[in-house]
Amino acid sequence: MEALIRLIEEEYDLKVVSHKVERNTDKSLVVILKTSKGKLVGKSLFTPADRQEFILDAEEHLLRKGIHIPKTKKTKSNNRFIYWKGSPFIIQEWAPGPMLALNSPFRIKRTGATLGKIHAASVGFNTSASDAYNAAITWEEEYEQDFATIQRWKNKHEQSEDPKHVIITAHLPFFLIAGKIALESLQNSPYYKRWKELPCSRHFLCHGDFNNGNLLSVKQKITVIDWEDVRYDFPSKDISRILSLMMRKHRKWNTQSFQHLLTGYLQENPLSRRQHHLMYVDLAFPHITERFLRQQQYVDMSEKEIAMFLKREIKKIAYMLEQMRALE
189 MEALIRLIEE EYDLKVVSHK VERNTDKSLV VILKTSKGKL VGKSLFTPAD RQEFILDAEE
249 HLLRKGIHIP KTKKTKSNNR FIYWKGSPFI IQEWAPGPML ALNSPFRIKR TGATLGKIHA
309 ASVGFNTSAS DAYNAAITWE EEYEQDFATI QRWKNKHEQS EDPKHVIITA HLPFFLIAGK
369 IALESLQNSP YYKRWKELPC SRHFLCHGDF NNGNLLSVKQ KITVIDWEDV RYDFPSKDIS
429 RILSLMMRKH RKWNTQSFQH LLTGYLQENP LSRRQHHLMY VDLAFPHITE RFLRQQQYVD
489 MSEKEIAMFL KREIKKIAYM LEQMRALE
């Protein structure tokens, strides 16, 4: 670590007074730096240079559009990053403030509005590497793979006497039916066919890990951090992420909370009827259940927790299917 600190001091022409390793895994290295130029954050995502360039280009586009994101410091040579152990390493401003709480309708609407601002501001972004990070073209493949994962899990465990497997297997027919309905709606959607063929500049950028832990609030300013998963995609992907977090926090599906989130979102990024329909299609598909099975999240859960999780996912999906059908 001392070698990295010396490299930072040399390349950025600053003095590091102290440092703290915030995270050091096979996926990322994050170091908090107290320096002669203030508090900074050093970060490596162990990602190729072209991916890091795309992330920084996306952040700079959103910054120009008024989204609050920590600025990346340039080196003495005017480069946006240095290399550490063969991977890009960036230095960014420190973002102050506690994370935005999701404990009231006002704060939930504010979270939705922040996401709406991001998506609205992102339209028009384009770089030479854009096509490599456009998730729209893989949706049908993703749906089919997720559906197959759920079906395989059911086939493998439906004779199991493990109490956890028994609970899960009893609920899977609903998710398979819902998945089939959502997939067919996707395949039959004229808007989806047109949307996935749009040039990248007309697609939305999605944060990829939009949760309140990445929303730092000071007075009326919300700073959005940790953009390493940014890509072109549809609003439902970010909405699904924050919605799942809200459901986990409150341990239930709450229609009003979702409506508060969506109200805030639509104030900043109004969606057409066709876009609404595609959003509900994607939220109705059991992506979350597939990940729950694939990552074996149930292993560390009690039987009661598993049942609660599945029942609230069923309530959520039933609501999304109802809204989807109303727009067909």
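Positions in the sequence shown are counted from 1; adding 188 to them yields our numbering.
Just so it is clear, CB atoms sit at the ideal spot from N, CA and C, and this is done for glycine as well.
Could you name the residues of the same chain whose beta carbon sits closer than 6 Å to that of K503, not counting the 5 residues immediately before and after it, in chain order? W441
Give me the Cα-Cα distance between H465 and L515, rounded to the nearest whole angstrom. 6 Å
Please give the ranges of any alpha helix (DSSP H) in the stretch 235-282, keeping only runs that are unbroken, at least 4 residues long and fully inside the region. 237-252
With a threshold of 8 Å, are at least 3 pairs of Cβ atoms found where one atom belongs to the stretch 274-290 and the other to the stretch 350-367? no
E385, DSSP secondary structure in three states: coil
Candidates R211, N212, H207, A506: closest to I365 by CA position: A506
Considering only their Cβ atoms, is the gap separating Y331 from L374 smaller than 8 Å? yes
Opening and closing residue of the alpha helix (DSSP H) in which G452 lies: 443-456
Between I306 and H448, is the Cβ-Cβ spacing less than 8 Å? no
Suppose the cutoff is 7 Å on Cβ atoms and the five residues either side in sequence are ignored; what does the same chain contact list for I355 look like? E491, I494, A495
Quick one: measure Cβ to Cβ for K297 and G452, integer angstroms, because I've assumed they're closer than 8 Å. 3 Å
So who's on the other strand from D201, going by DSSP bridges? Answer is none; D201 lacks a bridge partner.
For the alpha helix (DSSP H) that contains F138, what are its first and last residues? In the structure as shown, the chain starts at 189 and stops at 516, and residue 138 therefore has no counterpart that could be examined.
Candidates K253, E456, W415, of which the one nearest F242 by Cα: W415
Nearest-angstrom Cβ-Cβ length linking V412 and T302, presumed shorter than 8 Å: 7 Å
Kindly identify the DSSP beta-bridge partner or partners of T223. V204, G226
Could you check whether N402 and L433 sit closer than 8 Å to each other, using their CB atoms as the reference points? no
Can you tell me where the beta strand (DSSP E) holding Y420 begins and where it ends? 419-421
Check whether the Cβ atoms of P474 and I369 lie closer than 8 Å to each other. no
Where I325 falls, given that 16 or more other Cβ within 10 Å makes a residue buried: exposed
Give a yes or no on contact between the stretch 309-323 and the stretch 286-295, applying the rule of three or more CB pairs nearer than 8 Å. no
Would you call W467 buried or exposed, if buried means 16 or more other Cβ atoms sit within 10 Å of its Cβ? Before going further, note that residue 467 is Met rather than Trp in the sequence given. Buried: at least 16 other Cβ atoms inside 10 Å.
Whole-angstrom Cβ separation of W282 and K227, contact assumed at under 8 Å? 4 Å
Indicate whether L360 and K344 have their beta-carbon atoms separated by less than 8 Å. no
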